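Under the working numbering, the residue at position 199 of the sequence shown is numbered 199, and the numbers go up by one with no gaps.
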Amino acid sequence: MYPEPDWVRICTDGSPLKDFESAGAGVYYHLFSFYLTTGKFTTAFDGELAALEVALAQLHCHLNIFIRAVVFCDSKAAVFAVHSNSTPASFNILDCKKLLKSLSEEIVLQGIHGHGIVAGNVFADHLAKKGTLIQRTTRKTVSFTSAKCILKKKLKDLTSIQYTERNSNKIWWNYLKDLPMRPRRKTVAEFRLATVHDCLLKHLY
């Protein structure tokens, strides 16, 4: 699919830093490569969009080297957001839409799984991780989508900490650490047995 040299193949990737301190974006092609940071309070999704935006901008600067190009991205959500007809949730999505529309050549945004499927995507991943290390203060506004993800993650972590503090001294606490996460039906049954919250417990033993 999309064989060279008929297609110019560009790999992009986004990588978050822990606790949403920042995210990085990486773009790799044999003629150019870039890495950058998206600033504080950004997610991997923001990094993926920033990488797509840089890739599309570079295609504008190299119109003489290609007729058809494919931009690989391991975030299907980012690809869907750019192709969606709904109102863009952030300026990055809007910028990608404008760049894509202004290119008269055949451009394909292709979602992929993982980093090893497409040659070059490992380099894009390395560049994205390098971008997270850039220290930069930005005044760029945080998009509603990113703010929602960050708040959801923070509340989840806070709830987990409070739950651990309240229950760490209970006899069944250590049993919960070994519970399987899937399938859900089995996990729920074992959780109820471990916490003695099963009304049928006395009939099972």
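Using N, Cα and C, we set each Cβ at its ideal position, and we do this for glycine too. Bear in mind the structure is a predicted one, so any value in this text is a computation, not a measurement.
Segment limits, beta strand (DSSP E) that includes residue i
| i | result |
| --- | --- |
| Asp13 | 8 to 16 |
| Thr37 | 32 to 37 |
| Gly26 | 23 to 29 |
| Glu106 | 106 to 111 |
| Val71 | 68 to 73 |
Close Cβ partners of residue i (< 6 Å) along its chain, the five nearest in sequence each way excluded
| i | result |
| --- | --- |
| Val142 | Phe41 |
Reference residue i, options the options, closest by Cα
| i | options | result |
| --- | --- | --- |
| Lys130 | Gly26, Tyr2, Ala189 | Gly26 |
| Leu31 | Tyr2, Pro16, His62 | His62 |
| Pro5 | Thr43, Lys148, Phe66 | Phe66 |
| Leu52 | Ser75, Thr164, Arg68, Asn64 | Ser75 |
| Leu49 | Lys97, Asn64, Ala69 | Lys97 |
| Phe72 | Lys152, Gly111, Val196, Ala124 | Gly111 |
| Glu105 | Val70, Ile171, Ser86, Trp173 | Val70 |
| Ile107 | Val79, Ala119, Asp125, Asn121 | Val79 |
| Asn206 | Lys18, Ser33, Leu17 | Beyond the ends of the chain as shown, which are 1 and 205, falls residue 206; an answer cannot be given. |
| Leu17 | Asn92, Ser160, Phe91, Ile150 | Ile150 |
| Thr43 | Lys153, Lys170, Met181 | Lys153 |
| Trp172 | Val196, Asp125, Ser86, Ile161 | Val196 |
Contact check, residue i vs residue j, beta carbons under 9 Å
| i | j | result |
| --- | --- | --- |
| Ala194 | Leu176 | yes |
| Val292 | Leu56 | Given a span of 1 to 205 for the chain in the structure shown, any question on residue 292 remains unanswerable. |
| Ala147 | Gly47 | no |
| Ile11 | Tyr28 | Note that residue 11 is Cys in the sequence shown, not Ile. Result yes, Cβ atoms of Cys11 and Tyr28 sit closer than 9 Å. |
| Phe45 | Thr145 | yes |
| Gly24 | Leu133 | yes |
| Leu103 | Leu109 | no |
Span of the alpha helix (DSSP H), counted from its first residue to its last, around residue i
| i | result |
| --- | --- |
| Val122 | 121 to 131 |
| Val79 | 76 to 83 |
| Arg192 | 184 to 194 |
| Leu56 | 44 to 61 |
| Asp178 | Segment: none, Asp178 is in no alpha helix (DSSP H) and carries neither H nor E. |
| Lys97 | 91 to 102 |
| Glu4 | That residue, Glu4, is in no alpha helix (DSSP H); it is neither H nor E in DSSP. |
| Asn167 | 144 to 167 |
Nearest-angstrom Cβ-Cβ length linking residue i and residue j, presumed shorter than 8 Å
| i | j | result |
| --- | --- | --- |
| Ser15 | Thr38 | Actually they do not touch by this definition, with Cβ atoms about 10 Å apart. |
| Ala89 | Ala81 | 7 Å |
| Asp13 | Asp95 | About 18 Å separates the two Cβ atoms, so there is no contact after all. |
Cut-off 8 Å between Cβ atoms - residues of its own chain near residue i, not counting five sequence neighbours on either side
| i | result |
| --- | --- |
| His83 | Leu109 |
Residues of its chain near residue i, where Cβ-Cβ distance is below 7 Å and the 5 sequence neighbours each way are ignored
| i | result |
| --- | --- |
| Asn167 | Trp173 |
| Asn92 | Asp46, Leu49, Ala50, Glu53 |
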